[in-house]
Every structure is written in structure tokens, then in C-alpha cells.
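Data first, discussion second: the structure below is written as C-alpha cells.
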Amino acid sequence: MYDEAKAQHAVSFINCLKHTKGQWHGVPFVLLPWQDQIIRDIFGTVKENGYRQYNTAYIEISKKNGKSEIAAAVALYMTCGDNEWGAEVYGCASDRQQASIVFDVAVDMVDQCPALRKRIKPIMSVKRLVYQPTNSFYQVLSAEAYTKHGLNVHAVVFDELHSQPTRGLYDVMTKGSGDARTQPLFFLITTAGNDRNSICFEVHQKAKDILSGRKIDPTFYPVIYGIDDADDWANEKNWYKANPSLGYTIDIEKVRAAFQSAKENLAEENLFRQLRLNQWVKQSVRWMQMDRWDECAFPIYLESLRGRICYGGLDLSSTTDITAFVLVFPPRDSTEKFIVLPYFWIPEDNLATRVRRDHVPYDIWQQQGYIKTTQGNVVHYGFIEAFIEELHTIYNIKEIAFDRWGAVQMVQNLEGMGFTVVPFGQGYKDMSPATKELMKLTLEKNIAHGGNPVLRWMMDNIYVKTDPAGNIKPDKEKSTERIDGAVALIMALDRAIRNMNKASVYDERGILIL
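For the sequence shown, my numbering assigns the number 27 to the initial residue and increments by one for each residue that follows.
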């Protein structure tokens, strides 16, 4: 059954709110056609007893289409407009900070609405809005709170379900938590993800099955705005399928600019497909376009680098594998490129075995001088330390970045030699900015690596992994061949960029979002 009055009640409530971001701040929240359809369907479709038919709504849509605004509006309606005494409405996400995004939008909406402002008491210390006429509240749920008992849920607003690391929070909040309510609502809104073993993909599949008629669940309301696997992602007409706000709140020129960048490499293409076209993608993709890398094989004149400032990246292998040390020389002016000098070591006794096992020409590279060997069947770190010390007499090595794992003794030794040694995390936060910058420099031909074949092999081996925020890092598990030199290059490049002109390009320009 459809109750027009109930549908209009929800729409009218939301129309009293105002937008909170950018040029739209302070503009009345007049629902776009796709938003109006969703709100009317959810709140106007009722059972014979007059209560809502849908208790779960799954909305999957690309970024920048106004997910936070519509989610905040639904949270406020369920708190203040649903005629539920003592309503408990919770905002959930992968972490408290993510959940606070929707909450902060709701707070701004309340501040701009006099009728709500005088009826709602904000308790910001616990991120709670209390609607005093019905003693109801809307609150951000911390990652730890869901383990507590006693939640009597009237509504849950789940933001970016695809970023949930496990299904634990989802199960606790949706399985039985609203049984004491007559018409609870679980409002799930998300962009497509890249983990097909996640709870979000499970719900996504259910939504697709219902939309296609393969399954029937009258309590589940599915909406998916995205391109199909068979669609041409480069065709602008298909972009509208994933972006119903395109032409309203999304500028087509910005999408075109993102598309042009995405055409340049597979990692960016994956992000564009996922975030802009709402398409489920693989978590790891082969990263570097080797034809573009090869275009940066500019000759390097070692004599011209004498005394030049440079930064090192050190990636230690297990003692039986390849160890990599890379120097990056930052440009001194706009006419110069970043220059890369890589060095590699492998145990001498293992060389022939590794050639047969890996089918990689380590022996030829060793003969050509691209790989150095250390005596014995394990890498001799003392030899490498002495080599780096010798390099310092030729080049002005300002810093050496290193992976914290397994490098304690060598770091102490290098510090004892007078080097500034900087620990470098291998997670998204540390790796993503320089990884993206390396791709940018490669595409712009602003890096010179001299065509070193060992480094080329490692660059070709890299797979990158993407987190829900679009950060990337080398995926060491997926990259089954060696990538030590590439990781060392990324670390060295990061230190070079951060120290250029005593100011970081990341600070001046912002972290590059691809």
C-alpha cells in the first residue's frame, strides 16, 4: 500500500532543512528527483496495519552525489519526525570519525532550522542530539560501543558500508536490535567497494537479486546507481547511470578531468570506476604502465651528481633475498627532473639457485653491474653499510628512510656513521602520497631512472591495493615477484619531496587524489 500523506510528511520535513556544504550552504533542501523517489518509497510504502513496509533500505551510489546530506536528513527525521517516543537513532560507519561526517552535517542542519534548534539539545562531548519533545536521540556509535547491550534501536544510519572491516557491527545493529520497535529502519548508504568477501558485497548481491526478481523480500528496499560490467566506462552517457546528481550538484567538467587522469593508469581507472561510476572493482591491480616508465629512461650523468643533495630509501629483504637502496635527487629548478639511482644486493652463493628458481636473469644483471653480490649465502649488511658510507663521500645524503621491520641493527649502525635515519611506515597513510606522486612524475616525464633493468622489473611487478578513502600502497602479498626497489624508491621520493625548499609539495598543493 502507498500512503501519500506519510510520504509527503517525510518530504516536507526534509524540505525544512538546509544544505550545509560549499555554495549550497543555507539553500533549502529541495530533494532532487532521485532523492524524492527514495524518501517517498521508504516512508510512503506501508503494510495493511499502516506501519512501514521497509525496515531496510540499501542505497548504493557514487561519491559526491549528496550521500551525507540525505543520510543526515533521514537520521533527523527518524529522531524528530517519526512520532516515536524515546527513539534511539544511531550513526555507524567504519570508525567514529567516518560516522561523525553525517552527524556533523545533521548538527549544521539543526543550527540552520529554528524549529529544531529550540527543541534539540546537543551533547557534543558524546556526539548526541537529544530531541526533547519525545526524549529521543541521534548519536554516533563508537567502534567499541556496539559490544554493549541494551540498545533499543529505532533507526540505524550506516554510512559507507563498504568500508566495514568485518560484519560484526552490522550484525549487532541489524539483527534483533529493533525488535521492540513497531517500524525500525536500517538505512544503509554506500559507494561500491573492492572487497567481494565483505558484508557490503553480500548486501549488494541481495539488492541485485531483488532488483532482478531472483529474490523476494518485501521488507528490503534496494537502489543501486552504477554502471554495469558490460557498460563502456568511457562513454559519458553511462556516467549518468551512476551519478543522478550529475548536472545538478556535480559538475560534468570535474568528472571529465578525473576521467582523463584515469585513462593514464590502471590504478586510477579502478578508483574512477569505483568512486565515480559505483562499480565493484578488484582490490589489487597491476599498477605501472611500463611504456610510460620506459619513456623516463633518460640518461644519468653520475659526475654531474657529485655533491648534490639526495635522499635514500632502504628496503631490507630477508637475509637470503634482494636488498634495495635507492637515492633520489630532487630537482634544483623547474628545468630539472627527479633523478633516481638504485642499488641492489644478493647473496653470492644463492645467485645460480635464484636464477633457476625465479627464471630471472640475476646473473646477467650482476655481470652488467646492476646487482652487487655479497659473500656467502646471506646478505652481508655490513658490506651494504660500508657501501652507503662510501656513497656519502660522493653524494650529499640528507636522510635515509627505512621500513621499520627487521632494520634495527642496521639503523643503529647507520646512525652511528652520522646518517639521519627516518622510520617509514608501510601503511596507506605513509605510502599513498609518494606512490601517487611517483605515478604523476612518470606520466609527466619528470623523473629520470636511466633504464635500470632491475628497477624496471620490480616496477612491472607492483600491484597496488586501495583503501575505502582512495589511498593506495604497494600490495606485497599480491606482488608475488620482488618489489623491494620500487618500495625503496617510494620512500626516498617521499623524503625528497617533503624536504624540497624546506616545504612539502603535499602541504602546498595538498595530497594528490587520483
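Note that the Cβ used here is the ideal one computed from N, Cα and C, for glycine as well.
Of the residues the options, the one placed nearest residue i, counting alpha carbons only
i      : options                        : result
PHE324 : ASN478, ALA474, GLY52, GLY496  : ALA474
CYS139 : ASN261, ASP221, GLY477, HIS45  : HIS45
THR245 : ARG78, ALA33, MET517           : ARG78
ALA373 : THR349, ARG383, ARG358         : This sequence places Pro at residue 373; Ala is not what is there. Here the closest residue by C-alpha is THR349.
ASP520 : LYS466, VAL490, ASP456, GLU415 : ASP456
MET199 : VAL166, TYR251, ASP221         : VAL166
ARG145 : VAL152, VAL136, LYS153, SER151 : VAL136
MET485 : ALA495, LYS502, ASP493         : LYS502
THR468 : VAL115, ILE250, GLU321         : GLU321
ILE335 : MET316, VAL366, ASP235         : VAL366
GLY453 : ASN109, GLN34, ILE516, GLY476  : ILE516
ALA31  : ILE65, VAL53, TYR407           : ILE65
GLU262 : CYS42, ARG299, VAL404, ALA460  : ARG299
PHE413 : THR160, LEU177, TRP371         : TRP371
8 Å contact criterion, which residue i and residue j should meet: CB distance rounded
i      : j      : result
ASP258 : ASN264 : 6 Å
ALA518 : TYR337 : 5 Å
VAL131 : GLU95  : 6 Å
LEU481 : ILE423 : Actually they are not in contact, since the Cβ atoms of LEU481 and ILE423 sit about 18 Å apart, beyond 8 Å.
ALA181 : GLY339 : ALA181 to GLY339, Cβ: 49 Å. No contact.
GLY112 : SER162 : 6 Å
ALA101 : GLY117 : 6 Å
ILE410 : PHE355 : So it is not a contact: roughly 20 Å between Cβ atoms.
Three-state secondary structure (DSSP) of residue i
i      : result
GLU534 : Low confidence applies to GLU534: its pLDDT is 40, below 50, so where it sits in the model is not reliable, and the reading given next is rough at best. Helix.
LYS424 : strand
PHE298 : helix
LEU540 : No answer about LEU540 holds up, because its pLDDT of 42 lies below 50 and its placement is not dependable.
CYS226 : helix
ASP272 : Here residue 272 turns out to be Leu, not Asp, going by the sequence shown. Strand at LEU272.
ASP67  : helix
GLU86  : strand
TYR164 : strand
PRO479 : helix
ARG154 : strand
TRP306 : coil
ARG207 : coil
PHE413 : helix
TYR327 : coil
TYR489 : strand
LEU214 : strand
ARG240 : coil
LYS557 : Summary: the structure shown does not reach residue 557, with the chain confined to residues 27 through 540, and so no result is reported for it.
LYS280 : helix
ILE40  : helix
ALA529 : A caution first: ALA529 carries a pLDDT of 46, below 50, which makes its placement in the model too unreliable to give a value.
CYS336 : strand
PHE129 : helix
THR200 : helix
First and last residue of the uninterrupted alpha helix (DSSP H) at residue i
i      : result
THR379 : 377-384
PRO500 : Counting along the chain, PRO500 falls outside any alpha helix (DSSP H), though it belongs to the beta strand (DSSP E) covering 498-500.
TYR28  : No alpha helix (DSSP H) holds TYR28; DSSP gives it neither H nor E.
VAL434 : 434-442
PRO459 : 454-469
Residue interval of the beta strand (DSSP E) (run including residue i)
i      : result
PHE55  : Note, PHE55: premise wrong, no beta strand (DSSP E); not H, not E.
LYS147 : 146-149
GLU114 : 114-118
LEU353 : 349-355
VAL405 : No beta strand (DSSP E) contains VAL405, which DSSP labels as neither H nor E.
ASP185 : 181-185
TYR247 : 246-250
Distance cut-off 8 Å: residue i Cβ against heavy atoms of the ligand ATP
i      : result
LYS502 : With respect to the ligand ATP, the structure offers nothing, as it holds no ligand at all.
Fill in: Touching by the beta-carbon criterion (3+ pairs, under 8 Å), the stretch 270-281 and the stretch 442-449
no
Discussion item. Does the contact criterion of 3 or more C-beta pairs under 8 Å hold for the stretch 119-128 versus the stretch 71-87?
Written reply: no
Discussion item. If contact is defined by three or more beta carbon pairs under 8 Å, each pair taking one atom from either stretch, is the stretch 226-233 in contact with the stretch 49-63?
Written reply: no
Worksheet entry | Cβ pair count under 8 Å reaching 3, the stretch 434-442 against the stretch 283-290 | no
Worksheet entry | Touch test, the stretch 80-87 against the stretch 203-220, Cβ-Cβ under 8 Å, three pairs minimum | yes
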